[in-house]
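See structure below.
Protein chains: 2
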Amino acid sequence: MEILDLENFLPYRLYRLADAVSREFAGIYKDSHGLTRPEWRTLSGLGQHGTMTATALGEQSAMHKTKVSRAVAELERRHWLTRTPDENDRRVEHLTLTKAGLAAYGEMVPLAKAFERGLLAKLTAGERAGIINGVAALEVALYRPVEKQ
Amino acid sequence: MEILDLENFLPYRLYRLADAVSREFAGIYKDSHGLTRPEWRTLSGLGQHGTMTATALGEQSAMHKTKVSRAVAELERRHWLTRTPDENDRRVEHLTLTKAGLAAYGEMVPLAKAFERGLLAKLTAGERAGIINGVAALEVALYRPVEKQ
DNA sequence: CCAAACTGGTTTCATTTGTAACCATCGAAA
DNA sequence: TTTCGATGGTTACAAATGAAACCAGTTTGG
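So the sequences go chain by chain: L and S. So for the first sequence, the working numbering puts the first residue at 1; every next one is plus one. So for the second sequence, the working numbering puts the first residue at 1001; every next one is plus one.
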């Protein structure tokens, strides 16, 4: 019987690595501010782009709309963002960070960057380049071939 | 204010990629047999190693013991594995796939391998090498530096 | 011996997630 | 216009998850 070596199976390795990295990184938004990952991504998206709709947020940060919806609701509850109705389309709301939201964002960004730097610093230049464009290539590969349903 | 480019932030990219790959791959165990990821990993671990304890399974496949426990319970319910009490330590059980479990495993392995091959086939040799040892290097990096409490 | 600390594994409970249904609004076509 | 399909966003419900408590059974140290 043919067997599969899980330890060297790419989907598994990738997931395990991403999970481990993500768990480590979560310290920055979870332990210090009690944010979930969707909340962090929402904050991050708005911090980066200024104002976005929920749909745009979902696309930018690869989250399902229910995750976005819930994350936005929680950040609003904290008064970290506000909603402004669109003038032409009453279904749409534009989301913007408040001062408090921006402050939290501004505080976390340097930590996030330091985290990434710390990680990459342990690799050789070749390994860094390898993983960075390996990831990019795989993403392209994944979305080129099997167009989903 | 300093901003973070989420799209190029390694933890995010890595997670998004792993998630996408994992979702695609799930078709092989979920859509066809209704397995969850922990159940698939359990099946895979036992298929590969023959007989293991729950603890060993958890280590091998990076799962929390509750996940293992539940996955084992479900596979047992399907009669895909059996438990044999350890002779010396009555806390321990040795898990083994039944004929039915092995059959399912044997059916999925070629599909899993084909999936991985298909993915890697879309990369150049350099990209393949890059990502493979980039992942390995990152894992080492992650577990070397910040020894968790 | 016996208590205390530890280990393998399960269960409970709260939180997070995914799916699908839903509501409102909008745009296009009849 | 009216109707019908798409779209922005929320909600309800079921399933998956994580943390911590738990129940054996085992080891260690006094």
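A virtual CB, placed ideally from N, CA and C, is assigned to each residue, including glycine.
DSSP, reduced to helix, strand and coil, places GLU1093 (chain S) within a strand of the structure shown.
With a beta-carbon spacing of about 7 Å, ILE131 (chain L) and GLY1130 (chain S) fall inside the 8 Å limit used to define contacts. GLY58 (chain L) sits buried, since 16 or more C-beta atoms from the chains shown fall within 10 Å of its C-beta. Distance check between MET1052 (chain S) and each of S:ARG1037, S:GLY1034, S:THR1036 and S:VAL1072 places S:VAL1072 closest, using alpha-carbon atoms only. At a cut-off of 8 Å between C-beta atoms, TYR1015 (chain S) counts as an interface residue with respect to chain L. Looking at the backbone, the Cα of LEU1138 (chain S) and that of LEU119 (chain L) are separated by about 7 Å. Bounds of the beta strand (DSSP E) holding THR1084 (chain S) are 1081-1085. Per DSSP, the continuous alpha helix (DSSP H) segment holding TYR143 (chain L) begins and ends at 125-143. Here THR1053 (chain S) carries a coil assignment [DSSP, helix/strand/coil]. At a cut-off of 8 Å between beta carbons, SER1061 (chain S) contacts chain L. By the CB criterion at 8 Å, LEU75 (chain L) and LYS1113 (chain S) fall outside the cutoff. Between LYS1030 (chain S) and LEU10 (chain L), the alpha-carbon positions lie close to 18 Å from each other.
Along the stretch 1115-1128 of chain S, the positions whose C-beta sits under 9 Å from a C-beta of chain L are PHE1115, GLU1116, GLY1118, LEU1119, LEU1120, ALA1121, LYS1122, LEU1123, THR1124, GLY1126, GLU1127 and ARG1128, read in chain order. In its chain, beyond the 5 residues on either side, PRO38 have a beta carbon closer than 7 Å to the beta carbon of LYS67 (chain L). Linking GLY1047 (chain S) to VAL135 (chain L) through their CA atoms gives a straight-line distance of about 29 Å. Beta-carbon to beta-carbon, ARG1083 (chain S) and LEU1095 (chain S) are separated by about 6 Å, close enough to satisfy the 8 Å threshold. At a beta-carbon threshold of 8 Å, the residues of chain S lying near ASN133 (chain L) are GLU1127 and GLY1130, ordered along the chain.
Within chain L, the residues GLN48 have their CB atoms less than 8 Å from the CB of ASP1005 (chain S), given in chain order.
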